[in-house]
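Here the structure is laid out as structure tokens; the discussion comes afterwards.
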Amino acid sequence: MPTRRVATSPLRSPTVVLRCASLRSVRRRMRKLSKTRRSTMGADFNTNNLWVDLVQLKSLFESAGGAIPLPVMLNDKTVDPRDKKSTKVIQLETAMGAAISCFAGAKAICIPRTRFAPVKKCDDLLALRSDAYVLTEDFRVELAPEREGKPPLVKLDDRYKFVDAMDTMIPNGVPSLKFCKKLTVVGEIEFAAGVVLKGEVKIQNAGEGKKVVAAGTYEDTTVEL
1 MPTRRVATSP LRSPTVVLRC ASLRSVRRRM RKLSKTRRST MGADFNTNNL
51 WVDLVQLKSL FESAGGAIPL PVMLNDKTVD PRDKKSTKVI QLETAMGAAI
101 SCFAGAKAIC IPRTRFAPVK KCDDLLALRS DAYVLTEDFR VELAPEREGK
151 PPLVKLDDRY KFVDAMDTMI PNGVPSLKFC KKLTVVGEIE FAAGVVLKGE
201 VKIQNAGEGK KVVAAGTYED TTVEL
């Protein structure tokens, strides 16, 4: 039977080899659970913010033999995350959020969108670095009042998946997104200083090499470079 390589931390355990049949079975169960959770979540968004009673946590560790029994998730990866052609592996991981099922009486608290600024991808980080967000006097990051509680939607080209790659796009500073509803970037580009984006804007470079978005205001348009 063919095998698949599974990536684990070299500091914890060696590479593990699992049988494909077992992996397919686990994946089917994981997908079914994921679909069920998506259908019940509605418009809510997880802030990835957990508040834990340390006394209860200590008790849980002791009753579970020193480790919380969390479900294992399988994620397809490559050895070099920057090279999709490098050796394919399966990453095994557990999620902190899953631990709430281990605490009796755990509850979810609904908070307004203004209370958090999630950053899961460089798309989110670009928006956070822009003038669409402000830093309050008590050092909280909030959406600018002009945004009326709605963050800009940013979709970057896959080449900007990592922070150092994204930084090559904004050496002159992040464009103004205070009045931008949606920004889409396709291809390799660089923003000049003084770029203001409004409404829905798409920046596209279908050619080879980096192209520069000149200073100016772009509103509800597609910019072909």
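Going left to right, the sequence shown walks through residues 1 to 225 as the UniProt record's numbering numbers them.
Backbone N, C-alpha and C define an ideal beta-carbon position, used for all residues, glycine too.
Inter-residue Cα distance where the pair is residue i and residue j
i      : j      : result
Asn48  : Ala99  : 12 angstroms
Gly66  : Val213 : 55 angstroms
Ser63  : Glu188 : 53 angstroms
Lys58  : Phe103 : 12 angstroms
Leu128 : Val72  : 32 angstroms
Lys120 : Val55  : 30 angstroms
Val134 : Thr87  : 42 angstroms
Ser9   : Val79  : For Ser9, the pLDDT reaches just 38, beneath the cut-off of 50, and the residue's location in the model is therefore unreliable, although a value from the coordinates is still provided. Roughly 12 angstroms separates the two Cα atoms.
Lys204 : Asp167 : Per the sequence shown, the amino acid found at residue 204 is Gln instead of Lys. Cα to Cα, the separation comes out at about 18 angstroms.
Leu70  : Cys110 : 24 angstroms
Glu148 : Pro171 : 29 angstroms
Ala132 : Cys122 : 15 angstroms
Val174 : Gly194 : 9 angstroms
Leu125 : Asp53  : 31 angstroms
Nearest candidate by alpha-carbon position, reference residue i, set the options
i      : options                           : result
Ser176 : Pro151, Ala165 and Phe162         : Pro151
Pro112 : Glu142, Asp138, Met96 and Asp131  : Glu142
Leu197 : Lys210, Ala215 and Glu208         : Ala215
Phe82  : Leu74, Arg159 and Ala132          : Per the sequence presented here, residue 82 reads as Arg, with Phe not at that position. Out of Leu74, Arg159 and Ala132, Arg159 has the C-alpha closest to the C-alpha of Arg82.
Leu153 : Pro118, Phe139, Met169 and Thr136 : Pro118
Arg115 : Leu156, Asp76, Arg140 and Val185  : Arg140
Asn75  : Ser130, Phe179, Gly207 and Gln91  : Gln91
CB of residue i within 8 angstroms of CB of residue j, strictly
i      : j      : result
Thr221 : Val201 : yes
Glu190 : Lys210 : yes
Asp157 : Val186 : yes
DSSP beta-bridge partners of residue i
i      : result
Gly216 : Val195
Lys211 : Ile189
Glu200 : Lys182
Leu126 : According to DSSP, which records beta bridges pairwise, Leu126 is partnered with nothing at all.
Val119 : None, per the DSSP bridge assignment.
Thr222 : Lys202
Cβ-heavy atom distance, residue i to the ligand COA, below 7 angstroms
i     : result
Lys85 : Among the ligands in the structure shown, none appear at all, so the ligand COA cannot be discussed.
Continuous beta strand (DSSP E) assignments of at least 3 residues falling wholly in the segment 34 to 116 = Segments of the beta strand (DSSP E) lying fully in the segment 34 to 116: 73 to 78 and 88 to 93.
request  = Run through the segment 148 to 196 for me and flag every whole alpha helix (DSSP H) of 4 or more residues, listed as ranges in chain order.
outcome  = 163 to 167
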